[in-house]
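For what it's worth, my numbering labels the leading residue of the sequence shown as 4, then goes sequentially. Structure first, then comments.
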Amino acid sequence: MTTLTIDQLLRENEALRRRLEEAENALDALRAGEVDAILVDSQGEQVYTLESADKPYRLLVEQIPYAAATLTAEGAIIHGNRRFADLLREPLATLLGKPIHDFVAPESEPILKTLLCDGENAEIQGEVVLRRGDGTPLPTHLGVRLVQEGAFGSCLLVRDLTEQRRYQELQRMQTELCESEARLAAELADTKLLQSISAQLIQEDKVETLYEQILEAAIAVMHSDMASMQMLDPDRGQLRLLAWKGFDAESAASWEWVRLGSATSCGAALASGERVIIPDIETCDFLAGTPNLDAYRRSEIRGMQSTPLVSRSGRILGMISTHWRRPHQPSERDLRLLDVLARQAADLLERKQAEQALRDADRKKDEFLATLAHELRNPLAPIRNAVQILKANGPPHSELDWARGVLERQLQLMARLLEDLLDVSRISRGKLELRKERVELAAVARAALETSRPVIEACGHELTVTLPSETIHLEADPVRLAQVFGNLLNNAAKYTEERGRIELTAERQGSDVIVSVKDTGIGIRADMLSRVFEIFSQSERARVRAQGGLGVGLSLVKGLVELHGGGIEARSEGPDRGSEFVVRLPIAVETPLREPAQSSAEDEQQSVTGCRILIVDDNRDSADSLAVLLKVMGNEVGTAYDGEQAVEAAATLRPDVVLLDIGMPKVNGYEACRRIRQQPWGQGMFLIALTGWGQEEDRRRTEQAGFDRHMVKPVEPAALMKLLTSLSSESGGRFTQR
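This is the structure we're talking about:
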């Protein structure tokens, strides 16, 4: 036996260490699939290949687009491709031999166990959350299948779901964004619709148009097929149908009136004071077996809701309802929008009710004023007639002359006040019609001064009149315009201390003329300047000096000026510093002025005598006093006190002229006129309506009834004589003239 030296032993040991290290490296390389062969005998240059049966499998696994790994039956990793290692963010060498369970999130452990157990019999799939080496979760899709019997257990195919999840999340977010945008767009459209309705509620005066717009909006926001709107009649305690949309008139007629608690959605809502929703009429308990159920079926209504319209004070004003042809449950969003619309509809109803109440009050006020003026005219007529009789036949006596003068002046004042009341009422209702013609401003001013001068002189005022040197023409009603300036002059005289100053001036400014009435009177407070033209508006100091005025004069003046296309302004520097009223009127386009018809002195002095006249009035004093006055003037006069007597007296007396009152018992003046006209002897008579009603429609009615003329009480005797003279002329001088 050869004895080895220490050096030889050391060399052999080093050689063995290197070979062991090479073997270990080779084994690691084999395990990693990094070598295809290994040299066993280097001296003989013999090469032994190590290609095994799984080499094609390994090559295939490296090429597939998924992460793949092979597990033992116990779940240890014995092979994996690079994608598998990259997926877990671990070197492949460190993965080999480790249990797959080390890389599974706890919540996915049950799923993995199921997959591995079931994978023994068939290929199964599932989603499992893996846990990378750095601890971050990784959503994956696992496919598990048994590879072969024995040492190998299962083959895993692992697909990273991170991008897919991101894509799905992106899709979900995009879908939600689209849905959110759609909701926002719908809500914006609904908001614009509601805002549009709000604006229209302010601007639109035609209530039917507003009702229709509200119903269209209700159908839009509730996605319904039909809608209706009702108003509560407090007197009947029932809902009255105002407007509907979507169903026919026959269906609407069946719900024209709905009572409290009836078998309808709106009746139930009225009873409870809260919204009532019926998703399906066929399953509604209180509709079962009622006629309304059949009515809903005929109208093709399956679902409905009714929402009370409540005032801001909590009072139910009406109902807004929507209807569907199919069963329907409104969404909370739709109902919120409907609540906004219902608030607007309730405000509309409340506003319209308030406006109607104001119109009714205004109409009643106008009717009261007109009736008051009419009733006051009746006693004025006989008083005026009596004054004229005293004036014609009374004995000459200074005190009697003074008394007659007082009566005459006060009668004129009362008549003027009544006319002012009626004129204001007519203007407010748009019933006053101007009789315009081309007139000179100076002529109108002279007429106004002629009326007002006695009042001005009685107060000792100094009056200054300054008119343009050029001739200014206006397209105006001369009587009404003289009334404007006369009222302003009278006010200046009344509200100025004695021996004050009044100025009437006019000047041209472009295409307008400016007329000013200025005084040194009591003035106007600043807070009253904007109110002086309101009817019945007077300051306390003005009432003290009003001398019986009603506070309608300036309101009348403003209305008349505006009817002429002009404007008026009040000015004052304050109490006791005088007032000025400035009227602006458009100047007429220069055209040749028609010459006014001139009446001869002979015509003015003519009066009728020997005329056969029948006076008919249920006010006996009025009829009798006028009869006496006409008899004094030399006429044959008969009287009657109702319509039936009028027809009988006309048949007996066969008068030339019938002065016929309108408002009488039994048979009114219209019918009496028709009956007289139906008789052959009544064809040639002149029938004059003598009434306290003088509006245009009153004149049209009398004309249609067969009257020749229309006169308003109290009648001026001179005006009556002028009319009789005119009628005598029309008859060819049949009346005897003097």
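Just so it is clear, CB atoms sit at the ideal spot from N, CA and C, and this is done for glycine as well.
Of the residues the options, the one placed nearest residue i, counting alpha carbons only
i: residue 697; options: 716, 137, 8; result: 716
i: residue 426; options: 660, 90, 256, 563; result: 563
i: residue 650; options: 520, 635, 620, 344; result: 620
i: residue 422; options: 470, 178, 482; result: 482
i: residue 695; options: 712, 723, 665, 683; result: 665
i: residue 669; options: 371, 11, 644; result: 644
i: residue 687; options: 617, 701, 658; result: 658
i: residue 330; options: 301, 370, 282; result: 282
i: residue 223; options: 699, 336, 467; result: 336
i: residue 682; options: 693, 671, 709, 705; result: 709
i: residue 393; options: 401, 407, 382; result: 407
i: residue 231; options: 265, 261, 478; result: 261
i: residue 466; options: 473, 502, 625; result: 502
i: residue 385; options: 618, 327, 473, 627; result: 627
i: residue 474; options: 488, 480, 487, 509; result: 509
i: residue 236; options: 403, 442, 318; result: 318
i: residue 722; options: 633, 258, 525, 271; result: 633
i: residue 213; options: 511, 491, 351; result: 351
i: residue 569; options: 477, 108, 401; result: 477
i: residue 430; options: 117, 567, 379, 328; result: 567
i: residue 487; options: 498, 500, 565, 472; result: 565
i: residue 66; options: 685, 86, 77, 107; result: 86
i: residue 263; options: 238, 390, 489, 345; result: 238
i: residue 346; options: 220, 379, 109; result: 220
i: residue 355; options: 274, 209, 623; result: 209
i: residue 730; options: 653, 701, 612; result: 612
8 Å Cβ cutoff met for residue i and residue j
i: residue 574; j: residue 560; result: no
i: residue 72; j: residue 159; result: yes
i: residue 135; j: residue 91; result: yes
i: residue 463; j: residue 521; result: no
i: residue 571; j: residue 514; result: no
i: residue 314; j: residue 357; result: no
i: residue 493; j: residue 455; result: yes
i: residue 679; j: residue 714; result: no
i: residue 588; j: residue 516; result: yes
i: residue 62; j: residue 80; result: no
i: residue 143; j: residue 162; result: yes
i: residue 395; j: residue 660; result: no
i: residue 242; j: residue 322; result: yes
i: residue 526; j: residue 495; result: no
i: residue 744; j: residue 528; result: Since the displayed the chain opens at 4 and closes at 741, residue 744 lies outside it and no answer follows.
i: residue 183; j: residue 326; result: no
i: residue 638; j: residue 614; result: yes
Cross-strand partners of residue i (DSSP beta bridge)
i: residue 157; result: 74, 149
i: residue 83; result: 72
i: residue 342; result: Its beta-bridge partners do not exist; DSSP assigns none.
i: residue 522; result: 505
i: residue 103; result: Residue 103 pairs with nothing; no bridge assigned.
i: residue 128; result: 146
i: residue 639; result: 615
i: residue 140; result: 134
i: residue 586; result: 518, 571
i: residue 512; result: 515
Buried or exposed by the 16-neighbour rule on C-beta atoms within 10 Å, applied to residue i
i: residue 720; result: buried
i: residue 605; result: Residue confidence for residue 605 is low, a pLDDT of 41 falling below 50, so the modelled location carries little weight; the figure read from the coordinates is stated next. Label assigned to residue 605: exposed.
i: residue 305; result: buried
i: residue 152; result: The pLDDT assigned to residue 152 is 48, lower than 50, so where the model puts this residue is not dependable; a value taken from the coordinates is nonetheless given after this. It is exposed - the Cβ of residue 152 has fewer than 16 other Cβ atoms within 10 Å.
i: residue 311; result: buried
i: residue 278; result: buried
i: residue 333; result: buried
i: residue 618; result: buried
i: residue 320; result: buried
i: residue 367; result: exposed
i: residue 542; result: Reliability of the predicted coordinates at residue 542 is poor, the pLDDT of 49 falling under 50, and no value is obtained from them.
i: residue 195; result: exposed
i: residue 192; result: exposed
i: residue 630; result: buried
i: residue 401; result: exposed
i: residue 39; result: Annotation note: pLDDT 48 at residue 39 (below 50); position unreliable, no value reported.
4 or more residues per run - each alpha helix (DSSP H) lying fully within the region 250-314: 252-257, 268-275, 294-301
Completely contained beta strand (DSSP E) runs for the region 174-245, where each covers 3 or more residues: 229-236
Start-end ranges of the alpha helix (DSSP H) lying completely within the region 671-731, minimum 4 residues: 672-681, 699-708
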